Structure formats: C-alpha cells, structure tokens
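Only one structure is covered here, and it is reproduced in the block below.
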Amino acid sequence: THPTTREQTSRDLETFPPPMSSSRVAVIGAGAAGLVAARELRREGHAPVVFERAAGVGGTWRYDDAASADPLGAGGVHGSLYASLRTNLPRECMGFLDFPFVADEGSVDPRRFPGHQEVLGYLEAFARRFDLLRLVRLQTEVVGVRRSCDEAGAAGWSVSYCSRKLAGAGSDLEGEQSEVFDAVVVCNGHFAEPRLADIAGIGGWPGKQMHSHSYRVPDPFHGQVVVIIGYNPSGMDISRDIAGVAKEVHVAIRSAPAEMQSATAHANLWLHPMIEFAEEDGSVVFRDGSRVKADAIVHCTGYKYRFPFLEEEDGIVSVDDARVGPLYKHVFPPHLAPHISFIGLPFKSILFPVFRLQSNWVAGALSGRIELPSPEEMMLDVTAFYSNMEVRGWPKKFTHNLGVEAWTFEYEDWLSEQCGLKKMEEWRRVIYAAGRARVSVRPESYRDEWDDNQLLAQAHLDLSKYIS
Ligand code: FAD
5 THPTTREQTS RDLETFPPPM SSSRVAVIGA GAAGLVAARE LRREGHAPVV FERAAGVGGT
65 WRYDDAASAD PLGAGGVHGS LYASLRTNLP RECMGFLDFP FVADEGSVDP RRFPGHQEVL
125 GYLEAFARRF DLLRLVRLQT EVVGVRRSCD EAGAAGWSVS YCSRKLAGAG SDLEGEQSEV
185 FDAVVVCNGH FAEPRLADIA GIGGWPGKQM HSHSYRVPDP FHGQVVVIIG YNPSGMDISR
245 DIAGVAKEVH VAIRSAPAEM QSATAHANLW LHPMIEFAEE DGSVVFRDGS RVKADAIVHC
305 TGYKYRFPFL EEEDGIVSVD DARVGPLYKH VFPPHLAPHI SFIGLPFKSI LFPVFRLQSN
365 WVAGALSGRI ELPSPEEMML DVTAFYSNME VRGWPKKFTH NLGVEAWTFE YEDWLSEQCG
425 LKKMEEWRRV IYAAGRARVS VRPESYRDEW DDNQLLAQAH LDLSKYIS
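In the UniProt record's numbering, the protein residues as written are 5 to 472.
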C-alpha cells in the first residue's frame, strides 16, 4: 500500500518532557486501543510489544465474513461487524486528534459516516504513519498473564502466548512460550462475547435465534417475521437492514424516547416494549400484550467483558454485571498500578480520543512523569464512585458508560488534565452531542443529512493544523 497524503504530511505538534524511566511493556490487542497505546508508550520512551491474535491490525474493524458456528455464541470469532455497517459518529469527530480521519486519495469511502472498510484503512494508515507495525506480533494470542519475580526479586509480568496458524474460528494454537515484561496493557476489546436477553419460555420456542455478533447480511431472513431485541446502534441498523428483505420486523425496546416511537420509515417495521414471554407455537408476546408469530429472534443486546488470559484467582480484576473492577478511573487496579492497566473499557463517548488519553496517562504513569495517588487513595476513589452510582440508583452495568448525562465529558477532561494535554475540542463535543440527538429522531437518515456545517468547517480548520 502506498502512503497517503495524510500519512506523509500529518504532524506531531505535541512535545513531552524526557521520560524518567522506561519499561518493557506487553500490549494485548492491536485494535484502535492497542495501536494508540503502542504509540503513546513508545513516544514516552518505553519499549512496547503488541500481541495480536488476528492476521492484521484494526481489531473490530476487520470485517469477517465468517461468523460463529453457534449463532448465539462467540465461537472464537472476534469481529461483530455486519456488511452494511457505517460509523455512527461523523469521521472528523471519531478520529485521533493529530491523525485526522479525513477523506483523502487513499479513501475507499469518503462519506462523512463511512463504511467499515474506511475505518480499517484509517487504522492501518495510523499504524504505518507512526511505524507501529514492527512492534506488533501478528497471529500471536496471549493465553496467560501472571505476576512474576526475577532472580533479583524485581517484580514483573510473565506473559504466555501461542501462535495462531490461521486467523478466525477453528484456528489452531500452538507452541506456547512466555516472556517477562515490566508492565502489561490490556486492550483486548469488549465486543466479542455475546450477552443474551433472558426470555421466559424461550426453551420451547421453535424459531431460529441469533446474536448480532453473528449477523452479517439480511439474506437468511428473506420473507420472514423477525423480532429484534434492543435498539442501540446495532439494533437500529440491523432492524432496517432486515426490513429490506423480511416480511415483518418487530423491535423490542427497553425504553425509548417518545419521538423514537414514530420514527420508522419502513412500512414493515414496528417498535414494541420488551418481550414478556415466548410460546411453543412460535408466538412472541410483548409487555403491552401485543403478540406476533415469529420465525427468528435477533438479540442486539450487547456484549460481556472477558479476560480469559487473566486467572481469576490472581485477583487482578473481576467482572460483575459489566463492571470490571476494582479499577481506578476505568484503567488501573489500585494495588497493581501502574504495572497493569486496561485501555478501552468505557463506551458511549468519542472512543478513539478517549483511548488516546488513557494511553498517554498509562505511559506517563509508567515513566514517572505522571504521579498516581497511593493505592489506598485510589481504592477509596473507586469505592466512592460505586457508592455514588448506588445513591443515584444506577445499575452496575453503567460503570463504564461515559454517556450518562450527569458526567458527560467529565472523565475526558479529567484525563486531559492528568496528562497535561489540551481538553477535547469544543466542536467535537457539540458535534457528538448533536449527532446523538439526531440518531434518536432520525435513525433512517442521520448519516446522510445534517445541519451542522458550521461546526464541520471549524473542525476541518482545526484538523488542518495537523496536516501540513
Ligand atoms: P478491538 O477493536 O476489539 O480490538 C481488540 C483486539 O485485541 C482485536 O484485534 C483482538 O483480536 C485482539 N485480542 C483479543 N484477545 C487477544 C489475546 N488474548 N491475544 C492477542 N490479541 C487479542 N466506535 C466508534 O468510535 N465509532 C463507531 O461508529 C463504532 N461502531 C461500532 C459498531 C460495532 C458493531 C461495534 C462492535 C463497535 C463499534 N464501535 C464504534 C466501537 C469499537 O469497538 C471501537 O471503535 C474500537 O474499535 C474498539 O477498539 P479496541 O482496540 O478497544 O478493541
């Protein structure tokens, strides 16, 4: 691949003081989080090694035609993209600050909300521009991470890994080896392990079921009556994708703003409250008593956090109802900081810039440029955060949700301050908030019609500073 204009001309405008110490760091995963972690670690003076089990970088954005053999399970397949997927954020908002996600001659899809191939191209270009590919060991899966001590008594992390002969499901793992690192940064993604809706009577229900993790194209639903559970971005897209070929599509939604109820432009697509139960004759009954006889149910019900390479008894973190903890500010287990960290756990924000801030924080904490509170203080902060959630009546599954209105951008601003970096641009925040509001009101057209050209012009002016 030839370097694009953006790769050749993007400029690094930030300078950092020289590091106080340097570490050898294992990064697990080469998706957006792992790539930006590698970049930030290296420019802080550390020596990162990135382990990636797939045959290329990009993580989630590597579309995989193959789906899990079990349509409700993970089945060793990482990718959850469907063929028609376009970004749900506009590109100028979604990209890293100093490597703008703008259309250039290397683009395969120059639209403002491009298809997934364009995002993969962008991440690959990011990896080339910052010379990250030589840090990545492809087709190498981390299978174990353990604390270890060397002969001199220095603490470290033993990382065990296997090579994967073929990418994707069914590939063989072979030749386990291990190496010791000073630190580990976990960037393994959290959109690969399906979470399913609990439906009374589903055991006797005769239809087909699938999780959105395994959805690729609508063709198998031709002429069918399909129930979709969930109306987050994937549920919204998949219901419309399927409505193009199915007889009827019925979407079960937990809670929806009133304006959403009338927002279906498809004559064969209806919104319902959640499912009450399913029956042996194929009926699916909703909470308002309405019922349909359905051929298929598609669970667009999200994913679980999973760290199969961490032994539970090591007590590094535990996962409890979508809460990974204890973690100080979603990143550091207090008693092991800064030597193990997690990048990319939050959701409902402008994720690539968040990953970048988290990575800079980890890199700075490892080098001694950024001081962390004591383990006890960090633990107190975590406990206070959990109590605060409880007082507000928020469930544990909101722990890593940065989209909760009361704390919008609070976390991002806090991280910027810790890192000594500029706060996220005002235009990015406004475009993001306006975009989210548009999705609910105009799910059919929000990617192709907008009224924020003024902000867009401001964004392009700002981003142009990073491309000379
Ligand atoms: P991933 O991209 O999942 O990368 C994790 C990597 O770790 C993978 O390459 C995996 O192979 C590797 N890995 C895992 N375990 C191991 C192991 N044991 N050893 C070695 N390697 C391992 N975000 C947006 O900003 N805009 C959008 O429009 C958007 N749309 C989305 C649509 C869908 C359907 C999904 C699922 C997500 C979407 N996201 C979107 C969120 C997306 O997940 C993030 O943008 C981002 O790509 C996540 O990056 P990550 O590096 O954290 O995880």
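Beta carbons: idealized from backbone N, C-alpha and C, even for Gly.
Predicted model, so just to flag it, every value in this text is computed and none were measured.
Task: When M382, L136, G207, G306 are compared against P237, the one with the closest alpha-carbon - done: On the sequence shown, residue 237 is found 233 positions in, with the first residue counted as 1. Checked all of M382, L136, G207, G306; the closest Cα to P237 is G306.
TODO: Can you grab the Cα-Cα spacing for the pair T9 / I471, in whole Å?
DONE: Your numbering for residue 9 matches position 5 in the sequence shown. Your numbering for residue 471 matches position 467 in the sequence shown. Distance between the alpha carbons of T9 and I471 is about 9 Å.
- [ ] Below 7 Å CB to CB, which residues in the same chain sit around D452 once its five sequence neighbours on both sides are set aside?
- [x] Here residue 452 is taken as the residue at index 448 of the sequence shown, counted from 1. Scanning its chain for C-beta atoms nearer than 7 Å, with the 5 sequence neighbours on each side dropped, one finds no residue around D452.
Task: Any non-hydrogen atom of the ligand FAD closer than 8 Å to L85 Cβ - done: Mapped onto the sequence shown, residue 85 falls at position 81. Because some heavy atom of the ligand FAD lies under 8 Å away, the Cβ of L85 counts as near it: yes.
Task: Beta-carbon spacing of V184, V163 below 9 Å - done: Taking the first residue of the sequence shown as position 1, residue 184 is located at position 180. Taking the first residue of the sequence shown as position 1, residue 163 is located at position 159. Result yes, Cβ atoms of V184 and V163 sit closer than 9 Å.
Task: Runs of beta strand (DSSP E) lying entirely within the stretch 417 to 458, each at least 3 residues, in chain order - done: Segments of the beta strand (DSSP E) lying fully in the stretch 417 to 458: there are none.
Open item on the list: For a test of your reading of the model: does the CB of T412 fall under 8 Å from any non-hydrogen atom of the ligand FAD? Yes or no.
Closed with: If you number the sequence shown from 1, residue 412 lands on position 408. Shortest gap from the CB of T412 to any heavy atom of the ligand FAD: 8 Å or more.
Open item on the list: My parser needs the alpha helix (DSSP H) runs of 4 or more residues fully inside the stretch 227 to 255; what are they?
Closed with: Segments of the alpha helix (DSSP H) lying fully in the stretch 227 to 255: 237 to 247.
TODO: Figure out for me which residue from E315, P330, P350, L465 has the closest Cα to the Cα of E416.
DONE: Position 412 of the sequence shown, counted from the first residue, corresponds to residue 416. Measuring C-alpha to C-alpha distances from E416 to each of E315, P330, P350, L465 identifies P350 as the nearest.
- [ ] For F130, verify whether its CB is less than 8 Å away from any heavy atom of the ligand FAD.
- [x] The sequence position of residue 130 within the sequence shown is 126, counting from 1. Every heavy atom of the ligand FAD is 8 Å or more from the Cβ of F130, so no.
Open item on the list: Could you pull the DSSP bridge partners for F185 from this structure?
Closed with: Walking along the sequence shown from the start, residue 185 turns up at place 181. DSSP lists W161 as partners of F185.
Task: Contact test: E145 Cβ vs the ligand FAD heavy atom, cutoff 8 Å - done: Sequence index remark: in the sequence shown, residue 145 carries index 141 (1-based). For the ligand FAD, at least one heavy atom lies less than 8 Å from the Cβ of E145.
TODO: Just the C-alpha distance for E421 and A369, rounded to the nearest angstrom, thanks.
DONE: Counting from 1 along the sequence shown, the entry for residue 421 is found at position 417. Counting from 1 along the sequence shown, the entry for residue 369 is found at position 365. Between E421 and A369, the C-alpha separation is close to 13 Å.
TODO: Buried or exposed for Q458, please, with buried defined as at least 16 other CB atoms from any protein chain shown within 10 angstroms of its CB.
DONE: As a position in the sequence shown, residue 458 is number 454, starting the count at 1. Around the beta carbon of Q458, a 10 Å sphere encloses fewer than 16 other beta carbons of the protein chains shown; the residue is thus reported as exposed.
TODO: Go through the stretch 355 to 424 residue by residue and report every complete run of the beta strand (DSSP E) that reaches 3 residues or more, in order.
DONE: Whole beta strand (DSSP E) segments, 3+ residues: zero.
Open item on the list: Taking only three categories from DSSP, how would you classify A269?
Closed with: As a first step, residue 269 must be located in the sequence shown, where it is residue number 265. Reduced to three states, the DSSP call for A269 is coil.
Open item on the list: the ligand FAD and S238: does any heavy atom of the ligand fall closer than 8 Å to the residue's C-beta?
Closed with: Start at 1 with the first residue of the sequence shown, and residue 238 comes out as number 234. In terms of side-chain proximity, the C-beta atom of S238 is found nearer than 8 Å to a non-hydrogen atom of the ligand FAD.
Task: Under the three-state DSSP convention, the category A171 falls into - done: Locating residue 171 in the sequence shown gives position 167, where the first residue counts as 1. Only weak support is given to the placement of A171: the predicted model assigns it a pLDDT of 45, under 50, and the question is left unresolved by the model.
Task: A36 Cβ short of 8 Å to the ligand FAD heavy atom set - done: Position 32 of the sequence shown holds residue 36. Relative to the ligand FAD, A36 has its C-beta within less than 8 Å of a heavy atom.
Open item on the list: Quick check: the Cα distance between residue 2 and F313, rounded to an integer number of angstroms?
Closed with: Nothing can be reported for residue 2: it is not among the residues displayed for the chain, which extend from 5 to 472.
Task: Buried versus exposed, by CB contacts within 10 Å (16 or more), N364 - done: Position 360 of the sequence shown holds residue 364. Per the 10 Å Cβ criterion, buried.
- [ ] Tell me whether N92 counts as near the ligand FAD, meaning its Cβ is closer than 8 Å to at least one heavy atom of that ligand.
- [x] Position 88 of the sequence shown holds residue 92. Taking non-hydrogen atoms of the ligand FAD into account, the C-beta of N92 is found less than 8 Å away from one of them.
Task: Integer Cβ distance of V302 from Y390, believed to fall under 8 Å - done: Taking the sequence shown and counting its residues from 1, one reaches residue 302 at position 298. Taking the sequence shown and counting its residues from 1, one reaches residue 390 at position 386. No, V302 and Y390 are not in contact; Cβ-Cβ is about 33 Å, not under 8 Å.
Task: Cβ neighbours of V443 in the same chain (closer than 6 Å, five flanking residues each side left out) - done: Stepping through the sequence shown from its first residue, residue 443 is reached at position 439. Closer than 6 Å at the Cβ level, and outside the excluded window around V443, lie Y450.
- [ ] Give the secondary structure of F351 by DSSP, where H, G and I count as helix, E and B as strand, and everything else as coil.
- [x] Position 347 of the sequence shown, counted from the start, is the residue given in the question as residue 351. Strand, per DSSP.
Task: V289 versus E109 - alpha carbon distance - done: Position 285 of the sequence shown, counted from the start, is the residue given in the question as residue 289. Position 105 of the sequence shown, counted from the start, is the residue given in the question as residue 109. Rounded to the nearest angstrom, the two C-alpha atoms are 51 Å apart.
Task: Straight-line gap, E429 to F281 (C-alpha atoms, nearest Å) - done: Residue 429 sits at position 425 when you count from the first residue of the sequence shown. Residue 281 sits at position 277 when you count from the first residue of the sequence shown. Going by the C-alpha atoms only, they are around 47 Å apart.
TODO: Run the CB neighbour count on E56, radius 10 Å, all protein chains shown included, and call it buried at 16 or more, exposed below.
DONE: Position 52 of the sequence shown, counting from 1, holds the residue named residue 56. E56 is buried by the Cβ-count criterion.
Open item on the list: Helix, strand or coil, according to DSSP, for S152 in the structure here?
Closed with: Along the sequence shown, read from residue 1 onward, the residue named residue 152 stands at position 148. Collapsing the DSSP output to three states places S152 in a strand.
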